[in-house]
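Below is one structure, written out as structure tokens, with a few remarks after it.
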Amino acid sequence: MKKIVAYKALPSDVETYLRAHAEVIKVDPNDKPAFVEALKHATGAIGASVKISPDMLEGATNLKALSTISVGFDQFDVADLTRRGIVLTHTPDVLTESTADTVFALILASARRVVELAEWVKAGNWKASIGEANFGVDVQGKTLGIVGLGRIGGAVARRAALGFRMNVLYTNRSANEQAEKEYGAKRVELDELLAQSDFVCLQVPLTPETRGLIGANELRKMKPGAILINASRGPTVDEAALIEALKNGTIRGAGLDVFETEPLPADSPLLAMKNVVALPHIGSATHETRHAMARNAAENLIGALNGTLTQNIVNRDVRAR
Ligand code: NAP
Numbered sequence: 002m003k004k005i006v007a008y009k010a011l012p013s014d015v016e017t018y019l020r021a022h023a024e025v026i027k028v029d030p031n032d033k034p035a036f037v038e039a040l041k042h043a044t045g046a047i048g049a050s051v052k053i054s055p056d057m058l059e060g061a062t063n064l065k066a067l068s069t070i071s072v073g074f075d076q077f078d079v080a081d082l083t084r085r086g087i088v089l090t091h092t093p094d095v096l097t098e099s100t101a102d103t104v105f106a107l108i109l110a111s112a113r114r115v116v117e118l119a120e121w122v123k124a125g126n127w128k129a130s131i132g133e134a135n136f137g138v139d140v141q142g143k144t145l146g147i148v149g150l151g152r153i154g155g156a157v158a159r160r161a162a163l164g165f166r167m168n169v170l171y172t173n174r175s176a177n178e179q180a181e182k183e184y185g186a187k188r189v190e191l192d193e194l195l196a197q198s199d200f201v202c203l204q205v206p207l208t209p210e211t212r213g214l215i216g217a218n219e220l221r222k223m224k225p226g227a228i229l230i231n232a233s234r235g236p237t238v239d240e241a242a243l244i245e246a247l248k249n250g251t252i253r254g255a256g257l258d259v260f261e262t263e264p265l266p267a268d269s270p271l272l273a274m275k276n277v278v279a280l281p282h283i284g285s286a287t288h289e290t291r292h293a294m295a296r297n298a299a300e301n302l303i304g305a306l307n308g309t310l311t312q313n314i315v316n317r318d319v320r321a322r
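All the letters of the sequence shown, read from the start, carry residue numbers 2 to 322 under our numbering.
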């Protein structure tokens, strides 16, 4: 009988599906010794948002597959998993549209100062019609620079070009021909994207190459009126440099779904800044999408354990042991 460790709460129908195929052991990943011990006896594991380092897999000799309920897989050492013969699966596509909605919510909220002004109204400050001091900036017709135009970046580009008539610039290591054809997206060097864009939106995966991609130098290259949007992973931006840039008026503002440390510490200077919209990593967090992700991850895991999975595999070069 297969043994699956579930290190995140799953919807009941998804748990029932897994139980039809395997014994399911629920584990609290905050209890690391118990988690590591459970992995030693498991054939598979499913969960999210927890770093699984190589030392946690020592002795997990039966482990054949790990299934993350996310598209990002920066919590894993993929090369190490491959060496161990462990298949890693993830959940692309099912979360693309709701994450792109979150990105657009950040763009609109930052530009039109939605959160700041809604709080201002609730605090009883609306005594007369507002003046210039409370105006925002337009989104429609502006230039959006997408750093990492893949699945989610493409869905953001579609909203921007077709819905808001924005000009779309992007950087990628390879061209995204569909986005160029359908949304008029133009591939440029990062420096040009930073210099031209009114909104700079990061949607790259976190890798050694993208860690700290936007630092003090890059922020200085942005327009003073520009807004930085990050719904990728916190460490793609040098947060200390961003805080300085926001304080000094190097850029207008930021819309952030992700941070270097999550949950964002209560003493973060970002929390005191009116020109920052901060969300608690809600990119894909709708009832529908989170359910679809859990279902997809469960099916990926069973498929990987049965050797029938053909898609959503991160390390295709793994050799089953
Ligand atoms: P994707 O389809 O793989 O898109 C990533 C894009 O980044 C690709 O176009 C890729 O193009 C580009 N890229 C990769 N490395 C790059 C580099 N070094 N320099 C420049 N561009 C690079 O992935 P996705 O499904 O859109 O997801 C993207 C990321 O969003 C995930 O990895 C995850 O971290 C994040 N995410 C966050 C949330 C949230 O809750 N906030 C939700 C979902 C996803 P090239 O390969 O051609 O360079």
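We put the beta carbon where it would ideally sit given N, CA and C, even for glycine.
Hey, could you find the ends of the beta strand (DSSP E) residue i is sitting in?
{"i": "glutamate 16", "result": "Looking at the DSSP string, glutamate 16 is not in any beta strand (DSSP E); the run it does join, the alpha helix (DSSP H), is 13 to 20."}
{"i": "asparagine 231", "result": "228 to 231"}
{"i": "leucine 82", "result": "Counting along the chain, leucine 82 falls outside any beta strand (DSSP E), though it belongs to the alpha helix (DSSP H) covering 79 to 85."}
{"i": "serine 111", "result": "First-last for serine 111: 97 to 113, but that is the alpha helix (DSSP H), not the beta strand (DSSP E)."}
{"i": "lysine 4", "result": "4 to 7"}
{"i": "isoleucine 303", "result": "Per DSSP, isoleucine 303 belongs to no beta strand (DSSP E); it is in the alpha helix (DSSP H), 288 to 307."}
{"i": "valine 25", "result": "24 to 27"}
Would you report the Cα separation of residue i and residue j, rounded to the nearest angstrom?
{"i": "threonine 69", "j": "serine 111", "result": "31 Å"}
{"i": "glutamate 133", "j": "valine 140", "result": "17 Å"}
{"i": "valine 28", "j": "leucine 163", "result": "45 Å"}
{"i": "alanine 39", "j": "alanine 10", "result": "16 Å"}
{"i": "isoleucine 47", "j": "alanine 298", "result": "7 Å"}
{"i": "glutamine 76", "j": "leucine 82", "result": "12 Å"}
{"i": "glycine 142", "j": "glutamate 263", "result": "34 Å"}
{"i": "valine 278", "j": "valine 138", "result": "15 Å"}
{"i": "asparagine 316", "j": "asparagine 135", "result": "50 Å"}
{"i": "lysine 33", "j": "lysine 41", "result": "12 Å"}
{"i": "valine 51", "j": "isoleucine 215", "result": "24 Å"}
{"i": "alanine 43", "j": "histidine 22", "result": "14 Å"}
{"i": "alanine 158", "j": "valine 169", "result": "7 Å"}
{"i": "glycine 250", "j": "serine 285", "result": "31 Å"}
{"i": "aspartate 258", "j": "aspartate 14", "result": "29 Å"}
{"i": "valine 115", "j": "isoleucine 108", "result": "10 Å"}
{"i": "glycine 45", "j": "isoleucine 303", "result": "9 Å"}
{"i": "alanine 293", "j": "alanine 101", "result": "16 Å"}
{"i": "leucine 96", "j": "leucine 272", "result": "27 Å"}
{"i": "phenylalanine 74", "j": "histidine 91", "result": "7 Å"}
Out of the options, point me to the one whose CA is closest to residue i's CA.
{"i": "threonine 287", "options": "Ser99, Gly213, Val205 and Ala279", "result": "Ser99"}
{"i": "lysine 65", "options": "Phe74, Leu89, Asp81 and Val79", "result": "Leu89"}
{"i": "glycine 256", "options": "Arg291, Pro270, Asn249 and Phe200", "result": "Phe200"}
{"i": "arginine 20", "options": "Val6, Lys33 and Pro30", "result": "Val6"}
{"i": "asparagine 218", "options": "Ala273, Ala196, Lys41 and Glu263", "result": "Ala196"}
{"i": "arginine 85", "options": "Ile131, Val72, Thr17 and Ala61", "result": "Ala61"}
{"i": "methionine 274", "options": "Gly151, Glu117 and Ala186", "result": "Glu117"}
{"i": "arginine 296", "options": "Lys222, Ser71 and Lys224", "result": "Ser71"}
{"i": "valine 205", "options": "Leu150, Arg291 and Val95", "result": "Leu150"}
{"i": "lysine 3", "options": "Ile314, Val25, Ala129 and Asn276", "result": "Val25"}
Span of the alpha helix (DSSP H) holding residue i?
{"i": "phenylalanine 165", "result": "Per DSSP, phenylalanine 165 belongs to no alpha helix (DSSP H) and is neither H nor E."}
{"i": "phenylalanine 260", "result": "Run containing phenylalanine 260: none; DSSP gives neither H nor E here."}
{"i": "glutamate 133", "result": "From DSSP, glutamate 133 is part of no alpha helix (DSSP H); its letter is neither H nor E."}
{"i": "lysine 41", "result": "33 to 41"}
{"i": "asparagine 218", "result": "217 to 222"}
In the DSSP output, what is residue i paired with across the bridge?
{"i": "threonine 92", "result": "Beta-bridge pairing links threonine 92 to no other residue."}
{"i": "valine 122", "result": "DSSP output for valine 122 lists no bridge partner at all."}
{"i": "tyrosine 171", "result": "Ile147 and Arg188"}
{"i": "glycine 48", "result": "Thr69"}
{"i": "leucine 203", "result": "Val148 and Asn231"}
{"i": "alanine 255", "result": "Leu229 and Val277"}
{"i": "valine 238", "result": "Ile215"}
{"i": "isoleucine 314", "result": "Thr90"}
{"i": "isoleucine 53", "result": "Phe77"}
Please determine whether the Cβ atom of residue i lies at a distance below 8 Å from any heavy atom of the ligand MN.
{"i": "glutamate 210", "result": "Ligands displayed in this structure: the ligand NAP; the ligand MN is not among them."}
Notebook entry, point to check: Below 8 Å, can you find three or more Cβ-Cβ pairs linking the stretch 241 to 249 to the stretch 143 to 155?
Noted result: no
Notebook entry, point to check: Quick one: any contact between the stretch 168 to 181 and the stretch 118 to 127, if contact means 3 or more CB pairs under 8 Å?
Noted result: no
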